[in-house]
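What follows is a single structure, written as structure tokens, with notes after it.
In my numbering, the protein residues as written are 187 to 741.
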């Protein structure tokens, strides 16, 4: 059995970098049916360990699915390559490297050694040896060096054309506000424009993943889109009422993204490293590198421009068209419409960029070509764990009655062994889906997995983090000095009742209501919709049929 893996966020920076370096060397060897002795010997030299340790690491790599956390050093027990200095001195090295080496200035390793020694003297700490500092610099992952500019990016990557040799080799991801005004599902009044996150398979031009939301882009939305890329989409299509074939699924080998903040979060970077996904940030000043996904998004927006309520691309195109007055689609209906447009039109139409082949045809040909070599597009071993690794983290103290997060109590009998252990209360790591607070995922330090823990009061309804914060803010305005769980959920229920009954709801209130009603538990095998899917085609409020997806200019 592989050793228990730590949660991604718990691994110290230097240990993570070392594990990433191990993964880069060992993953290709672990994929071989039998690893030649000369390759083992070469790996031992690169990693600075014995051949016996390489075989042990290869076993852990195979059993753990190649995840980075399975290759994290278990501790400093005195062996070769183990870290022998305490965390305080490690912090000196880490800070000096981050401030002076991983920057455009890029001081030499010898100057970093001098600076570390100076800082150690100032803090009255015994300085680490020069060889220790140099080893820490050498242990930096190639991805970290490339991202910081220490390794030149090959010109082929910087060109105007991004190429891929097989399905899911390269997936580009980007967001855009949709050129459409949505309505709330109760009164059908305008609530504003949603956001869509799109993942495109560069090899086939198939859309590999999709996320439609009223929330602005974040690291979480990127993670949810990646989870959609990796998942079998049949249960999702069934849940939203679409009868279509969308076979694109698997773990991308590389994702291409721009330099927005959500693409530079530690959670996203470690989640991708954990699952052997390379992040390729678009170089500054070279927008053409992200052209594939941007052209696909442009194609989708052209389709959307045929829907009632479209804002078009600009004011000149819109003219006197009243987008708010014409709006008639809800968030769930737009998601369904896009699924149909993608699976039944875009994927099946001849594509000029593929020499006239349809995207789905090219994808299936690529899958068949891999099959002739006994291969298939890579997929996560555990789709649930894949998603959890991209969810935001909170830390709380485990109490006798469970866990409390933002005034909400969670409890499960599975927590009892930890609660009953001797010693002071323990602090635990928790991941939660901000769109559904009815369940949390508690990291188990004993086996590295996650325990799903629900509300202590099972009668409580699912709520989103956004709705929860709104209720707390409302209670504070009412000068409610003490907020407990009962008061909080009573406030949420009152807010829901007000929204349902209101005849003259403001635009903000209607948008809030749609966010809540669009909530669904994304970790379920078959996500639930909170409103029934509307018949196709969607009909406007005046009874006229809205436009189905129509032909647009090929690119």
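Even glycine gets a Cβ: it sits at the ideal position worked out from N, Cα and C.
- Here residue 673 is not bridged, per DSSP, to any residue.
- The C-alpha of residue 670 lies about 29 Å from the C-alpha of residue 404.
- With respect to residue 428, residue 529 sits close: the two C-beta atoms are nearer than 8 Å.
- Taking the Cα of residue 672 as reference, the smallest distance to any Cα among 365, 642 and 257 is reached at 642.
- Pairing residue 389 with residue 363 gives a Cβ-Cβ distance that is not under 8 Å.
- Here residue 366 is not near residue 409, since their CB atoms are 8 Å or more apart.
- With 16 or more neighbouring CB atoms inside 10 Å of its own CB, residue 456 falls in the buried class.
- DSSP places residue 635 in the coil class of the three-state scheme, outside both helix and strand.
- The shortest C-alpha to C-alpha distance from residue 461 to any of 306, 522, 575 and 559 is the one to 575.
- Note on geometry: alpha-carbon atoms of residue 539 and residue 438 lie some 21 Å from one another.
- Taking every protein chain shown into account, the CB of residue 533 has 16 or more other CB atoms within 10 angstroms, so this residue is buried.
- Straight-line spacing of the CA atoms in residue 678 and residue 250 works out to 42 Å.
- In this structure, DSSP gives residue 577 a state outside helix and strand, which the three-state scheme calls coil.
- Under the Cβ criterion (8 Å, minimum of three pairs), the region 431–450 does not count as touching the region 634–653.
- By the criterion of a C-beta distance shorter than 6 Å, residue 600 is surrounded in its chain by 637, once the five residues flanking it on both sides are discounted.
- Its chain contains 199, 200 and 322 as the residues whose beta carbon lies nearer than 8 Å to that of residue 280, once the 5 sequence neighbours on both sides are disregarded; these appear in chain order.
- Pairing residue 215 with residue 229 gives a Cβ-Cβ distance under 8 Å.
- Secondary structure at residue 281: helix, using DSSP grouped into helix, strand and coil.
- Partner residues in the beta bridge of residue 629, as assigned by DSSP, are 636.
- With fewer than 16 other CB atoms across the displayed protein chains lying within 10 angstroms of its CB, residue 586 is exposed.
- For residue 319, the enclosing alpha helix (DSSP H) starts and ends at 316–324.
- For residue 624, the closest C-alpha among the options 597, 633, 612 and 613 is that of 597.
- The C-alpha of residue 424 lies about 25 Å from the C-alpha of residue 357.
- It is roughly 38 Å from the alpha-carbon of residue 573 to the alpha-carbon of residue 511.
- If you compare the alpha carbons of 380, 386, 414 and 680 with that of residue 401, the shortest gap goes to 380.
- Scanning its chain for C-beta atoms nearer than 7 Å, with the 5 sequence neighbours on each side dropped, one finds around residue 196 the residues 615, in chain order.
- Residue 463 and residue 488 have their C-alpha atoms some 31 Å from each other.
- Per DSSP, the continuous beta strand (DSSP E) segment holding residue 377 begins and ends at 376–378.
- Boundaries of the beta strand (DSSP E) harbouring residue 362: 356–363, taken from the DSSP string.
- Counting other Cβ atoms within 10 Å of its Cβ, residue 203 reaches 16 or more and is therefore classed as buried.
- Just measuring C-alpha positions, the residue of 387, 304, 299 and 582 sitting nearest residue 611 is 582.
- Residue 444 holds the alpha-carbon nearest to the alpha-carbon of residue 467 among 483, 484 and 444.
- For the pair residue 324 and residue 313, the CB atoms are not nearer than the 8 Å cut-off.
- Ranked by Cα distance from residue 527, the options 555, 485, 566 and 252 are led by 485.
- Beyond the five residues adjoining it in sequence on each side, residue 513 comes within less than 7 Å, by CB distance, of 367, 368, 369, 376, 494 and 495 in the same chain, given in chain order.
- If you check the CB distance, residue 553 and residue 562 come in under 8 Å.
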